[in-house]
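Chemist:
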Amino acid sequence: MKNITDLLNGDLGKQIIRGVSDEAGTSEKETSGVLDLALPVLMGALQKNASSPEGAANILGAISGSKHSGSILENLGGFFGGGVDKEDQQDGEGILSHILGTKQTATEQAISQKTGVNIGTVSKIIKIAAPILMGYLGQQARKQNVSSSDGLSGLLGNLLGGQSSAKQNLLTSILDADGDGSVIDDITGMALGGKKNGGLLDGLFGK
Numbered sequence: 001m002k003n004i005t006d007l008l009n010g011d012l013g014k015q016i017i018r019g020v021s022d023e024a025g026t027s028e029k030e031t032s033g034v035l036d037l038a039l040p041v042l043m044g045a046l047q048k049n050a051s052s053p054e055g056a057a058n059i060l061g062a063i064s065g066s067k068h069s070g071s072i073l074e075n076l077g078g079f080f081g082g083g084v085d086k087e088d089q090q091d092g093e094g095i096l097s098h099i100l101g102t103k104q105t106a107t108e109q110a111i112s113q114k115t116g117v118n119i120g121t122v123s124k125i126i127k128i129a130a131p132i133l134m135g136y137l138g139q140q141a142r143k144q145n146v147s148s149s150d151g152l153s154g155l156l157g158n159l160l161g162g163q164s165s166a167k168q169n170l171l172t173s174i175l176d177a178d179g180d181g182s183v184i185d186d187i188t189g190m191a192l193g194g195k196k197n198g199g200l201l202d203g204l205f206g207k
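As numbered in full-length UniProt numbering, the sequence shown has no gaps in its residue numbers, which increase by one up to the final residue, 207.
#1: Can you tell me which of the three DSSP states Q104 falls into?
#2: Taking only the alpha-carbon atoms, compute the straight-line gap between L76 and L8 and give it to the nearest angstrom.
#3: D6 to P40, Cα distance in whole Å?
#4: For A130, which residues of its own chain have a beta-carbon under 6 Å away from its beta-carbon, when the five flanking residues on both sides are left out?
#5: Do T5 and the ligand MG come close, with the Cβ less than 7 Å from some heavy atom?
#6: Leaving aside the five residues before and after A56 along the sequence, list all residues of the same chain whose C-beta is less than 6 Å from its C-beta, in chain order.
#7: From the DSSP output, in three-state form, read off L42 for me.
#8: Mapping DSSP to helix, strand and coil, what is S71?
#9: Count the other CB atoms within 10 Å of the CB of E54; is the residue buried (16 or more) or exposed (fewer)?
#10: Could you have a look at N145 and say whether DSSP puts it in helix, strand or coil?
#11: Are G157 and H68 close, meaning C-beta to C-beta below 8 Å?
#12: Given that a residue counts as buried once 16 or more other Cβ atoms are within 10 Å of its Cβ, and exposed if not, what is Q90?
#13: Rounded to whole angstroms, what's the CA-CA distance from V20 to G13? Just pull it up for me.
#14: What would DSSP say about G81, mapped onto helix, strand or coil?
#15: Consult DSSP for N3 and reduce its assignment to one of helix, strand or coil.
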């Protein structure tokens, strides 16, 4: 099983980068640079959500459904071939909103600053890629027979493993809202915060 960054270096990753580039109207170099930073941040947010029982249950519910079960990876040609449709765009918007909540703009700004890609383009790239990320998580969970919070935590840790210190620092700087050096309390608060973040996980997990 490849971690989320290594995924981009394989054949599947190249197909994803090529497809997202075509949809976003960006070069493959720009797309690769954005996704190389964005996917670990999104996976990190999911990992911290999974640190709470409720958050883990919601994620397990999402990836056990057909929408994020991994089927998207089995038909990327179909996903990109006719153009990413309105439903897929809305799915990507919902995933980003519910994973990142009020930190979405800060995340996009940080990635834009690191890559030199303008923030509007960054937003477009990660919106297109978000359903693919969830599909990959669902696919790996199915392959590993993940059905518990402990199993999910281990899976997310493996998928996030091997990140450079620079990426780890970026993840912390984006997700550590209160500046205490720990993203755990912040993401758990996002997952359970309801009113604070508009029910962060509700839309993604069908609440």
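Note that beta-carbon positions come from the ideal geometry of N, C-alpha and C, so glycine has one too.
Modeler: With the structure as the only source:
#1: helix
#2: 14 Å
#3: 11 Å
#4: G92, I95, L96
#5: Questions concerning the ligand MG fall outside what the structure shown contains, since it holds no ligand whatsoever.
#6: A50, S149, L152
#7: helix
#8: helix
#9: exposed
#10: coil
#11: no
#12: exposed
#13: 10 Å
#14: helix
#15: coil
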